[in-house]
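Colleague: Residue numbers (this note's numbering): 26 to 296. Yeah, the Cβ is synthetic: ideal placement off N, Cα and C, and Gly gets one too. Take a look at this one; I'll ask things after.
See the structure below:
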């Protein structure tokens, strides 16, 4: 039996409860190697699966169509915009979203099936744990809670360049049982390329928000990030994989801060 960590709204016993319907939204671009697993993991609880393709040159679209998805082409407009575009195309108000390199485990799929037929809850947003991989190890010492199910009549994905999610503010979020497995690690070269792209977006977002370069932050944040990952999040339990990943996250913070400095220089030069 699934247990939700939120009180149900009291309703008369004889009141009929309408079954909720879920539109699963997946954004993709050249994800033919992994998108089939993502789609299959969502089939038994989804009333429809919407795939938003940003311009794939591989078989991503054909795979999604073969598995029964509604596929929409939308030239890449950024993570948040692609997710909101997908939600806008969806038939149903409840949106569940995953990435093409993620898989919903059986427990979470069952939880979502139970949730669809349960009485109304007081929340309009629900989270699940996500666990990533690195060098054939699941980093279960530091699962992350991500809000992945929300009512699109209440929330939209917040308009940021990176680390996007529903703009829930202080609204309550209910934790769902189960895990989203993130098969995000392919090799070090791919990870460095993605970190380079994400730090570009992170620095641009920080600059847009009015943050300015600070040498003390450059000096301290990379080291603090390493200690947070390695000690606080228990990455030391993962052996060399944990040590390496903690170091890479330190590198991420170092790059972001230097890119923020570079943006300031460019702005001043053109000012």
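Using 10 angstroms around the beta-carbon of residue 48, count the other beta-carbons present and answer buried if the total reaches 16, otherwise exposed.
Modeller: Position 23 of the chain shown, counted from the first residue, corresponds to residue 48. Classification of residue 48: buried, given that the 10 Å Cβ count is 16 or more.
Colleague: Do the stretch 190 to 202 and the stretch 156 to 164 meet, that is, are 3 or more Cβ pairs less than 8 Å apart?
Modeller: The stretch 190 to 202 is not in contact with the stretch 156 to 164.
Colleague: Taking only three categories from DSSP, how would you classify residue 193?
Modeller: As a first step, residue 193 must be located in the chain shown, where it is residue number 168. Three-state DSSP puts residue 193 in coil, outside helix and strand.
Colleague: Exposed or buried, what is residue 218 when buried is set at 16 or more other beta-carbons lying within 10 Å of its beta-carbon?
Modeller: To locate residue 218, count along the chain shown from 1; it is residue 193. Exposed, because fewer than 16 other Cβ atoms sit within 10 Å of the Cβ of residue 218.
Colleague: Start and end of the alpha helix (DSSP H) containing residue 155?
Modeller: Reading the chain shown from its first residue, position 130 is the one you call residue 155. Unbroken run through residue 155 is the beta strand (DSSP E), 150 to 159; no alpha helix (DSSP H).
Colleague: Tell me whether residue 201 sits in a helix, a strand or coil according to DSSP, three-state version.
Modeller: As a first step, residue 201 is located in the chain shown; it is residue number 176 there, counting from the start. Three-state DSSP puts residue 201 in a strand.
Colleague: Count the CB pairs spanning the stretch 272 to 290 and the stretch 223 to 237 that are closer than 8 Å, and state whether there are at least three.
Modeller: Yes, the stretch 272 to 290 is in contact with the stretch 223 to 237.
Colleague: Does the stretch 212 to 227 touch the stretch 260 to 267, meaning 3 or more C-beta pairs lie closer than 8 Å?
Modeller: No, the stretch 260 to 267 is not in contact with the stretch 212 to 227.
Colleague: Verify the contact flag: residue 110, CB atom, against every heavy atom of the ligand ZN, threshold strictly below 7 Å.
Modeller: Within the structure as shown, the ligand ZN is missing, as the structure has no ligands at all.
Colleague: Going along the chain, which residues of its own chain have a beta-carbon closer than 6 Å to the beta-carbon of residue 238, five neighbours each way excluded?
Modeller: By 1-based counting over the chain shown, the position of residue 238 is 213. Same-chain partners within the cutoff: 285, 286, 289.
Colleague: Exposed or buried, residue 248, counting other C-beta atoms within 10 Å across all chains shown (16 or more means buried)?
Modeller: The residue given as residue 248 occupies position 223 in the chain shown. So residue 248 ends up on the exposed side.
Colleague: In angstroms with no decimal places, state the Cα-to-Cα distance between residue 142 and residue 278.
Modeller: Against the chain shown, residue 142 aligns to sequence position 117. Against the chain shown, residue 278 aligns to sequence position 253. The straight-line gap from Cα to Cα measures roughly 43 Å.
Colleague: Can you tell me whether residue 35 is buried or exposed, with buried defined as 16 or more other CB within 10 angstroms of its CB?
Modeller: Counting from 1 along the chain shown, the entry for residue 35 is found at position 10. Bear in mind that a pLDDT of 36 at residue 35, under 50, signals an unreliable position, so the number given afterwards is only what the model happens to contain. Counting Cβ neighbours within 10 Å, residue 35 comes out exposed, since fewer than 16 surround it.
Colleague: Go to residue 63, then tell me how far its alpha helix (DSSP H) extends in each direction, as first and last residue.
Modeller: The residue you call residue 63 lines up with position 38 of the chain shown. Start and end: 60 to 65.
Colleague: For residue 119 and residue 173, I'd like the C-alpha separation in whole angstroms.
Modeller: Your numbering for residue 119 matches position 94 in the chain shown. Your numbering for residue 173 matches position 148 in the chain shown. Taking the straight line from one Cα to the other gives about 10 Å.
Colleague: Return the CA-CA distance between residue 104 and residue 73, expressed in angstroms with no decimal places.
Modeller: Position 79 of the chain shown holds residue 104. Position 48 of the chain shown holds residue 73. Distance between the alpha carbons of residue 104 and residue 73: 21 Å.
Colleague: Is residue 101 helix, strand or coil by DSSP?
Modeller: Sequence index remark: in the chain shown, residue 101 carries index 76 (1-based). Three-state DSSP puts residue 101 in coil, outside helix and strand.
Colleague: Indicate the three-state DSSP secondary structure (helix, strand or coil) for residue 166 in the structure shown.
Modeller: Counting from 1 along the chain shown, the entry for residue 166 is found at position 141. Three-state result, residue 166: coil.
Colleague: First and last residue of the beta strand (DSSP E) that includes residue 53?
Modeller: To locate residue 53, count along the chain shown from 1; it is residue 28. It spans 47 to 53 - the beta strand (DSSP E) in which residue 53 sits, taken as one unbroken run.
Colleague: How long is the line joining the alpha carbons of residue 117 and residue 44, rounded to whole angstroms?
Modeller: Counting from one through the chain shown, the residue named residue 117 turns up at place 92. Counting from one through the chain shown, the residue named residue 44 turns up at place 19. Taking the straight line from one Cα to the other gives about 12 Å.
Colleague: If I'm right that residue 99 touches residue 107 with Cβ under 8 Å, what's the distance once you round it to whole angstroms?
Modeller: Your numbering for residue 99 matches position 74 in the chain shown. Your numbering for residue 107 matches position 82 in the chain shown. Between residue 107 and residue 99 the Cβ distance is about 6 Å, and since that is below 8 Å, they are a contact.
Colleague: Are at least three pairs of beta-carbons, each pair with one atom in the stretch 131 to 141 and one in the stretch 53 to 63, less than 8 Å apart?
Modeller: No: fewer than three Cβ pairs fall under 8 Å.
Colleague: Unbroken alpha helix (DSSP H) runs of length 4 or more, entirely within the stretch 221 to 275: which are they?
Modeller: Correct list: 240 to 252.
Colleague: Quickly, what does DSSP pair residue 78 with across the bridge? List them, please.
Modeller: The residue labelled residue 78 in the question sits at position 53 within the chain shown. Answer is 53, 98.
Colleague: Mind reading off the beta-carbon distance from residue 133 to residue 202? Whole number of angstroms is fine, and I expect it under 8 Å.
Modeller: Reading the chain shown from its first residue, position 108 is the one you call residue 133. Reading the chain shown from its first residue, position 177 is the one you call residue 202. Residue 133 to residue 202, Cβ: 7 Å. Contact.
Colleague: Which value, in whole angstroms, describes the spacing of the CA atoms of residue 75 and residue 122?
Modeller: Taking the first residue of the chain shown as 1, we reach residue 75 at position 50. Taking the first residue of the chain shown as 1, we reach residue 122 at position 97. Rounded to the nearest angstrom, the two C-alpha atoms are 9 Å apart.
Colleague: Identify whether residue 175 lies in helix, strand or coil by the three-state DSSP scheme.
Modeller: One-based indexing of the chain shown puts residue 175 at position 150. If DSSP states are grouped into helix, strand and coil, residue 175 belongs with the strands.
Colleague: Within the same chain, show all residues whose beta-carbon is closer than 7 Å to that of residue 176, passing over the 5 residues directly before and after it, in chain order.
Modeller: The count along the chain shown starts at 1 and reaches residue 176 at position 151. If we look at residue 176 and ignore the five residues flanking it on each side, its Cβ neighbours are 118, 119, 149.
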